[in-house]
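Participant: Here my numbering is used: position 24 in the sequence shown is 73, and no number is missing along the way. In this text, a Cβ means the ideal position worked out from N, Cα and C, and glycines have one as well. Mind having a look at this structure? Questions to follow.
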Amino acid sequence: MVCANSPLGRPFEYEGGRTGILLLHGFTATCAQMRPLADKLRDAGYTVSVPLLPGHGTTIEDMERSNWKEWLACAKQAYVRLQEKVDNVIVAGLSMGGTLALLLAEEYMPDGCIAIAPAISLRNKTAWLAGLAWPFMPRMAGGSENRGEDYLHSLDVCYGATPVKKVADLNRLRARAMRNLALIACPLFVIQPAKDTTVDPKGAKSVIAGVQSEKKKLLMLENSPHVCTLGPERERLNRAVLDFLAEL
Numbered sequence: 050m051v052c053a054n055s056p057l058g059r060p061f062e063y064e065g066g067r068t069g070i071l072l073l074h075g076f077t078a079t080c081a082q083m084r085p086l087a088d089k090l091r092d093a094g095y096t097v098s099v100p101l102l103p104g105h106g107t108t109i110e111d112m113e114r115s116n117w118k119e120w121l122a123c124a125k126q127a128y129v130r131l132q133e134k135v136d137n138v139i140v141a142g143l144s145m146g147g148t149l150a151l152l153l154a155e156e157y158m159p160d161g162c163i164a165i166a167p168a169i170s171l172r173n174k175t176a177w178l179a180g181l182a183w184p185f186m187p188r189m190a191g192g193s194e195n196r197g198e199d200y201l202h203s204l205d206v207c208y209g210a211t212p213v214k215k216v217a218d219l220n221r222l223r224a225r226a227m228r229n230l231a232l233i234a235c236p237l238f239v240i241q242p243a244k245d246t247t248v249d250p251k252g253a254k255s256v257i258a259g260v261q262s263e264k265k266k267l268l269m270l271e272n273s274p275h276v277c278t279l280g281p282e283r284e285r286l287n288r289a290v291l292d293f294l295a296e297l
C-alpha cells in the first residue's frame, strides 16, 4: 500500500480518438488503481479521463468531510466534460467507481458501461449498520485481502483505514444504483473477481439480471482479488475490456 497523497494517485487524462472512456476509482482509493487499464486504452487510441473523487488522494480527514453527493456530482461533471470532447462515451469503474458508473448509465444513457467488481453487495453484512456504528467506531483498519505476489503494489495508492461514517455514504450509492437498474439499456459488461473479499460476487449477477440491456455479459476472474485492475489477471481484464469496446 502506498500513501494516499502520492503523485501516482492524481487525476489524469489521455487525448485520443472520438470515443472516450471515463474511468472511476474505488472507495478510499485513487486514480492509480485505474492506470494499467487506462494505459491500455490509450495505446488502443481511446480518449481516457480518470478523475479523482472528492475526499480521496489527500488525507483521511478530507475523506471524512466528503459525501456520496459530492462523489456522484464529480462523476457527473467528468462525464459531461468528456462528452463535450468526443462522439461516444463509455463509463467504467472499479468497486464504488463501478457503482458510480451504473448510476451514470441509469441517468445519461452512455454508449456502454463497464462495472468492475461493482460495490453492490458487500461481503461484510454489517456494513448497513455503519450509520449507527460510526460514533462508537469512527475508523476501521484497511482490508487484509491476500493479493498475492503478482500484484502491482506500487499502484495500490489508498488510505490505510476506512472512515466508518463514509461506509454509510457508500450504502446510499449502492441502494440508489440497485433501485434504478432497470433504467440501464446500454451495452453492459460486468467483471467480477472470484476471490473478492470485499464485494460479494452475487451483486454482479444481480446487476446483470436487473438491467434492460440487450447486450450484457459477465466475466468472472477466478484468481483475482477485489482490486483486479492491479491483480494477476489484469492483462486478461484489459483484453476483455478492449474486446467489449471493439464490439460496440
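Alpha carbon to alpha carbon, how far is valine 129 from proline 212? Give it in angstroms, no decimals.
Facilitator: Mapped onto the sequence shown, residue 212 falls at position 163. Mapped onto the sequence shown, residue 129 falls at position 80. In a straight line, the C-alpha of proline 212 is about 29 Å away from that of valine 129.
Participant: With isoleucine 277 and isoleucine 233 assumed to form a contact (beta carbons below 8 Å), what rounded beta-carbon distance in angstroms separates them?
Facilitator: Taking the sequence shown and counting its residues from 1, one reaches residue 277 at position 228. Taking the sequence shown and counting its residues from 1, one reaches residue 233 at position 184. A small fix is needed here, since residue 277 is cysteine in this sequence, not isoleucine. Wrong, their Cβ atoms sit about 22 Å apart, outside the cutoff.
Participant: Which same chain residues, not among the five before or five after threonine 107, have their C-beta less than 6 Å away from its C-beta?
Facilitator: Position 58 of the sequence shown holds residue 107. These residues qualify, in order along the chain: Asn54.
Participant: Alpha carbon to alpha carbon, how far is glycine 259 from aspartate 92? Give it in angstroms, no decimals.
Facilitator: Within the sequence shown, the letter at position 43 stands for residue 92. Within the sequence shown, the letter at position 210 stands for residue 259. Each residue's alpha carbon lies about 33 Å from the other.
Participant: Are the CB atoms of alanine 166 and histidine 74 nearer to each other than 8 Å?
Facilitator: If you number the sequence shown from 1, residue 166 lands on position 117. If you number the sequence shown from 1, residue 74 lands on position 25. Cβ atoms of alanine 166 and histidine 74: not closer than 8 Å.
Participant: Please tell me whether arginine 169 and methionine 227 are closer than 8 Å, where the distance is taken between their beta carbons.
Facilitator: Along the sequence shown, read from residue 1 onward, the residue named residue 169 stands at position 120. Along the sequence shown, read from residue 1 onward, the residue named residue 227 stands at position 178. Here the sequence assigns isoleucine to residue 169, which means arginine is not the residue at that position. In this structure, methionine 227 lies closer than 8 Å to isoleucine 169 by Cβ.
Participant: So, is cysteine 52 buried or exposed, given that buried needs 16 or more other C-beta atoms within 10 angstroms?
Facilitator: Looking up residue 52 in the sequence shown gives position 3. Cysteine 52 is exposed by the Cβ-count criterion.
Participant: How long is the line joining the alpha carbons of leucine 286 and serine 203, rounded to whole angstroms?
Facilitator: Here residue 286 refers to the residue found at position 237 of the sequence shown. Here residue 203 refers to the residue found at position 154 of the sequence shown. Computed Cα separation, rounded: 19 Å.
Participant: Quick check on the burial criterion: 16 or more other C-beta atoms within 10 angstroms. Buried or exposed for alanine 179?
Facilitator: Residue numbering aside, residue 179 sits at position 130 when the sequence shown is read from its first letter. Here alanine 179 scores only 49 on pLDDT, less than 50, and its place in the model should not be relied on; the value that follows carries that caveat. Result: buried.
Participant: On the premise that leucine 72 lies in contact with glycine 147, defined as a C-beta separation below 8 Å, what is that separation, rounded to the nearest angstrom?
Facilitator: Here residue 147 refers to the residue found at position 98 when the sequence shown is read from its first residue. Here residue 72 refers to the residue found at position 23 when the sequence shown is read from its first residue. Incorrect: roughly 10 Å between the Cβ atoms, too far for contact.
Participant: Would you call the segment 113-120 in contact with the segment 237-253, where contact means no fewer than 3 C-beta pairs closer than 8 Å?
Facilitator: no
Participant: Rounded to a whole number of angstroms, what is the C-alpha to C-alpha distance between alanine 122 and proline 281?
Facilitator: Here residue 122 refers to the residue found at position 73 when the sequence shown is read from its first residue. Here residue 281 refers to the residue found at position 232 when the sequence shown is read from its first residue. Distance between the alpha carbons of alanine 122 and proline 281: 33 Å.
Participant: Distance, Cα to Cα, tryptophan 120 vs lysine 264?
Facilitator: Residue mapping note: residue 120 aligns to position 71 of the sequence shown, counting from 1. Residue mapping note: residue 264 aligns to position 215 of the sequence shown, counting from 1. Cα to Cα, the separation comes out at about 28 Å.
Participant: Tell me whether phenylalanine 299 sits in a helix, a strand or coil according to DSSP, three-state version.
Facilitator: This structure gives no information on residue 299, because the portion of the chain shown stretches from 50 to 297.
Participant: Looking only at its chain, what residues have a beta carbon closer than 7 Å to the beta carbon of lysine 89, apart from the 5 residues adjacent to it on each side?
Facilitator: Along the sequence shown, read from residue 1 onward, the residue named residue 89 stands at position 40. Once the five neighbours on either side are set aside, the close Cβ partners of lysine 89 are Asn287 and Leu291.
Participant: Buried or exposed, going by whether 16 or more other CB atoms sit within 10 Å of the CB of lysine 215?
Facilitator: To locate residue 215, count along the sequence shown from 1; it is residue 166. Counting Cβ neighbours within 10 Å, lysine 215 comes out buried, since at least 16 surround it.
Participant: Can you have a look at leucine 149 and say buried or exposed, based on whether 16 or more other CB atoms are within 10 angstroms of its CB?
Facilitator: Here residue 149 corresponds to residue number 100 of the sequence shown, with the count starting at 1. When all chains shown are included, leucine 149 counts as buried.
Participant: Alpha carbon to alpha carbon, how far is leucine 270 from leucine 237?
Facilitator: For this step, residue 270 is matched to residue 221 along the sequence shown. For this step, residue 237 is matched to residue 188 along the sequence shown. For leucine 270 and leucine 237, the gap between their C-alpha atoms comes out near 17 Å.
Participant: Tell me the rounded alpha-carbon separation between phenylalanine 61 and alanine 87.
Facilitator: Stepping through the sequence shown from its first residue, residue 61 is reached at position 12. Stepping through the sequence shown from its first residue, residue 87 is reached at position 38. Computed Cα separation, rounded: 9 Å.
Participant: Could you compute how far the alpha carbon of glycine 161 sits from the alpha carbon of proline 85?
Facilitator: For the purposes of this step, residue 161 is identified with residue 112 of the sequence shown, where counting begins at 1. For the purposes of this step, residue 85 is identified with residue 36 of the sequence shown, where counting begins at 1. It is roughly 20 Å from the alpha-carbon of glycine 161 to the alpha-carbon of proline 85.
Participant: Could you have a look at phenylalanine 293 and say whether DSSP puts it in helix, strand or coil?
Facilitator: For the purposes of this step, residue 293 is taken as the residue at position 244 of the sequence shown. Of the three classes helix, strand and coil, the one that applies to phenylalanine 293 here is helix, per DSSP.
Participant: To the nearest angstrom, how far is the alpha carbon of threonine 79 from that of proline 56?
Facilitator: Sequence index remark: in the sequence shown, residue 79 carries index 30 (1-based). Sequence index remark: in the sequence shown, residue 56 carries index 7 (1-based). Roughly 10 Å separates the two Cα atoms.
Participant: So, with DSSP's three-state summary, where would you put glutamate 110?
Facilitator: Within the sequence shown, the letter at position 61 stands for residue 110. Glutamate 110 falls in the helix class under three-state DSSP.
Participant: Can you tell me which of the three DSSP states alanine 127 falls into?
Facilitator: Locating residue 127 in the sequence shown gives position 78, where the first residue counts as 1. Reduced to three states, the DSSP call for alanine 127 is helix.
Participant: Counting C-beta neighbours from all protein chains within 10 Å, is the total for arginine 223 16 or more, i.e. buried, or is it exposed?
Facilitator: The count along the sequence shown starts at 1 and reaches residue 223 at position 174. Flag for arginine 223 reads buried.
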